[in-house]
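J.: Handing you a structure now.
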Amino acid sequence: MILTGGLKSLLPHVLRRIIRCNRLSVSNTSGMAEGYKQANVVILHKSLADDFEKFCHANDGPLPLLYRSKPGNWSCPSLSSGSDIRNDCLQYRIYEHGACTGSLKSLEEYSEQLKDMVTFYLGCSFSFEKAVQNAGIPIRNIEQKCNVSMYKTAVPCYNVSAFSCNLVVTMRPVPESKLEAAVLATSALKEAHGAPIHMGDPGLLGIKDLSKPDYGDPVHLHPDDVPVFWACGVTAVEAVINCRAPLAFTHSPGCMFITDLKNDNLTVRSSREVPQVRCISRDPLHYSIVSAEAAQKIKTLETLIGIDPGDRGIIHLQRQDELLKACLSISHARSVLITTGFPTHFTHEPPEENDGPPGALAIAAILQALEKEVAIVTDQRAMSLNKKIIEEAVQLGILKRPVPLLSYQRESADSALMFLCEKGNPRRPRFDHLIAIERAGMAADGNYYNARKVNIKHLVDPIDDLFLAAQTIAGVTTTGVGDGGNELGMGKVKDAVKKHIKNGDVIACDVEADFTIVAGVSNWGGYAIACALYVLNTCEIHDRYLRKAVGFPQLMKKMVWLSALPSVTKEEKLLKTLLRHGVRSGKTASLELEVDGLPFYNTHSLMIEKLLQEVQQ
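Each residue of the sequence shown is one higher than the one before, counting from 2 in the working numbering.
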């Protein structure tokens, strides 16, 4: 028997000859023939072959198709010379009517049946191990002399005819400081599954226990390691099981076919192809991926909205990359709750100002276009007003359909939890992300103040409770958008507010959001969020990560998303609607311009045009 030492440097044809002679005392091919492509193997009756090929193309992350044989052809000339698929894998599995009925070292006894069967060779993550090591990243399963861990997930693949299953992934522990290097090392190797499909908490994929893989061996994480998951070709095994074919064969997980093809030394050429990694949550741990090009566009959006037309000192409140991180988090969310409303005109009816609602509706519009659930929560006294505004926004074409309108009252200690979660169960939140835009925020003394230090608490419902409760619910993140420091969510920068903003020592909001977006006008922050979500969802790298590399790219919906973005025409119509309902500007006269009798910020339309110009470049 030949032991494992030196196998990584042997040429593929030599390894196949050794495997064919059954002379290896190993359980998997991880680390063998470094730098050469390895392949998952699926052998099906020819009547199923066309549908299975379509299934592979529809889910090319887990199932990158390297080669399809003709019926009865046991070789694969474009992948290897002199190979025989009946003997060249370490071990095979046989499936009959969806049940695994045994493991085999050779398929020669089934040669007659194989004459009517087609072999599919699918890319394998073992192929990228050398590239990962070259990037200075340890391969823990090789260090621990075991097979890689493989897990069934709750992520459905795109179904084709009889082929349907959930995604299977491999997990490799990666030091947190090396996450971006791991993504960069694998993203161009699409025939080896490409970039990871998830980094962080396995529960977000529906994996309950890393110590109990469905295939392979448990791999132990070091203290600073993050579990990183790649799409896995064993997904094909699950598809074979579910199609219940009378007879089918696969490689045994981890026992790959080793090809003669070297991994391409691909170099990432443009910023559109360079991935960047951002942490968007610590509880649960969750990282996201975006292209350098998209990240730079969003950074430009953040810079654009950061100008200070009122010269109030907001530059001191701004934190870099908050727009990017907030929008990455929102992009991953399923259901979003938005709140707005600042009753700065406390002696008038209605007391609301027109900064906030347009930005909130701009966010709601893009979320609807992205097919996310969205609702708005506001003060009970303002329900009727907001209902009319939403109805007219639908009529104006700003919203695709009415947004559910909610109110919140503190009736007991657990009111916020009951509002945010089904039956108050923090494991079943109704919303993944909360956004406050130009919403009056509670100060340290429990009161709510406008910029002139006037207490307006009697006009404000305690919606801050929801943001405080969200801090205790795993998987719920929050964003605050403001332009003065007294808005909900600005507690994250309260020290800067107290130091640099007029009356900041009194008016500073004390309630933090996970992400704080500071803009010259809060509406601009809402428009920037809408534009940034468009940028993210038209980014191929981020789109692939969102859909976990299964199904088809969503870029065909680009025009729908584009039509949902704010425009000067839309916002002029909406501001006229607000004025008709008595909602007036809360900014100083120097920031206003008459447009058809409507108070309109003199930099407002220019800002929208600049944001749209940036996202469409």
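Where a beta carbon is used, it is the ideal one built from N, C-alpha and C, also for glycine.
Within a Cβ cutoff of 6 Å, which residues of the same chain sit near residue 616, ignoring the five residues on either side of it in sequence?
T.: Only 532, 535, 536 meet the Cβ criterion.
J.: Helix, strand or coil: how does DSSP classify residue 509 here?
T.: Here residue 509 sits in coil by DSSP.
J.: Output needed for residue 166: all residues of its chain with C-beta closer than 7 Å, excluding positions within five of it in sequence on either side, in chain order.
T.: Closer than 7 Å at Cβ, skipping near neighbours: 158, 236, 239, 240, 243.
J.: What ranges does the alpha helix (DSSP H) occupy inside the region 274–343, keeping only unbroken runs of at least 4 residues that lie completely in it?
T.: Counting whole runs of 4 or more residues, the region 274–343 contains the alpha helix (DSSP H) stretches 293–306, 323–333.
J.: Shortest alpha-carbon distance to residue 103 belongs to which of 149, 249, 330?
T.: The shortest Cα separation from residue 103 among 149, 249, 330 belongs to 249.
J.: Under the three-state reduction of DSSP, which class applies to residue 238: helix, strand or coil?
T.: DSSP places residue 238 in helix when its eight states are reduced to three.
J.: Roughly how many angstroms separate the alpha carbons of residue 471 and residue 478, rounded to a whole number?
T.: Their Cα atoms are separated by approximately 7 Å.
J.: Compare the C-alpha of residue 259 against each of 521, 505, 550, 15 and name the closest.
T.: Out of 521, 505, 550, 15, 15 has the C-alpha closest to the C-alpha of residue 259.
J.: Report the three-state DSSP secondary structure of residue 456 (helix, strand or coil).
T.: Strand, per DSSP.
J.: Locate the beta strand (DSSP E) running through residue 559, then write down its first and last residues.
T.: No beta strand (DSSP E) holds residue 559; the alpha helix (DSSP H) holding it covers 559–565.
J.: By how many angstroms is the C-alpha of residue 494 removed from the C-alpha of residue 520?
T.: Computed Cα separation, rounded: 13 Å.
J.: Compute the Euclidean distance between the alpha carbons of residue 450 and residue 512, then round it to the nearest angstrom.
T.: Each residue's alpha carbon lies about 13 Å from the other.
J.: Please work out which residues of its chain come closer than 7 Å, Cβ to Cβ, to residue 132, disregarding the five sequence neighbours upstream and downstream, and give them in chain order.
T.: Within the same chain, residue 132 has close Cβ partners 186, 187, 190, 264.
J.: Check whether the Cβ atoms of residue 346 and residue 585 sit closer than 8 Å, and answer yes or no.
T.: Cβ atoms of residue 346 and residue 585: closer than 8 Å.
J.: Would you mind sorting residue 17 into buried or exposed? The rule is 16 or more other CB atoms within 10 Å of its CB.
T.: Its Cβ being crowded by 16 or more others within 10 Å, residue 17 is buried.
J.: Ignoring anything shorter than 4 residues, give me the alpha helix (DSSP H) runs that lie fully in the region 473–547, in order along the chain.
T.: Those alpha helix (DSSP H) runs which fall completely within the region 473–547 and span 4+ residues are 495–501, 505–508, 523–538, 541–547.
J.: With a cut-off of 8 Å on the beta carbons, I'd call residue 210 and residue 175 a contact; round off their distance for me.
T.: With 8 Å as the limit, residue 210 and residue 175 do not qualify as a contact, their Cβ atoms being about 19 Å apart.
J.: Which of helix, strand or coil does DSSP assign to residue 215?
T.: Three-state DSSP puts residue 215 in coil, outside helix and strand.
J.: Of the choices 452, 19, 118, 122, whose alpha-carbon is the least far from that of residue 73?
T.: Out of 452, 19, 118, 122, 118 has the C-alpha closest to the C-alpha of residue 73.
J.: Output the boundary residues of the beta strand (DSSP E) element that contains residue 29.
T.: Unbroken run through residue 29: none, as it is neither H nor E.
J.: Taking residue 543 as the reference, which of 98, 44, 292 has the closest Cα?
T.: Per the Cα distances, 292.
J.: Closer than 7 Å by C-beta to residue 182: which residues in its own chain qualify, once you throw out the five before and the five after it? Chain order, please.
T.: Counting only Cβ-Cβ distances below 7 Å, and skipping sequence neighbours, we find 136, 137, 138.
J.: Is the CB-CB distance between residue 462 and residue 408 below 8 Å?
T.: Contact flag set, yes.
J.: May I have the straight-line CA-CA distance separating residue 148 from residue 254, to the nearest angstrom?
T.: Going from the Cα of residue 148 to the Cα of residue 254 covers about 9 Å.
J.: Taking all protein chains shown into account, decide if residue 607 is buried (16 or more other Cβ within 10 angstroms of its Cβ) or exposed.
T.: Flag for residue 607 reads exposed.
J.: Can the beta-carbon of residue 566 be found closer than 8 Å to that of residue 367?
T.: Cβ distance < 8 Å, so residue 566 and residue 367 count as in contact.
J.: What are the boundary residues of the beta strand (DSSP E) that residue 95 is part of?
T.: Run containing residue 95: 93–97, per the beta strand (DSSP E) assignment.
J.: Among all the DSSP beta bridges, which residues are the ones paired with residue 44?
T.: Bridge partners of residue 44: 120, 250.
J.: Is residue 65 helix, strand or coil when you go by DSSP?
T.: Here residue 65 sits in coil by DSSP.
J.: Nearest CA to the CA of residue 105: which residue from 21, 152, 401, 77?
T.: It is 21.
J.: My assumption, with CB atoms under 8 Å, is that residue 432 sits in contact with residue 421. Please give the rounded CB distance.
T.: With a Cβ gap of about 6 Å, residue 432 and residue 421 count as contacting.
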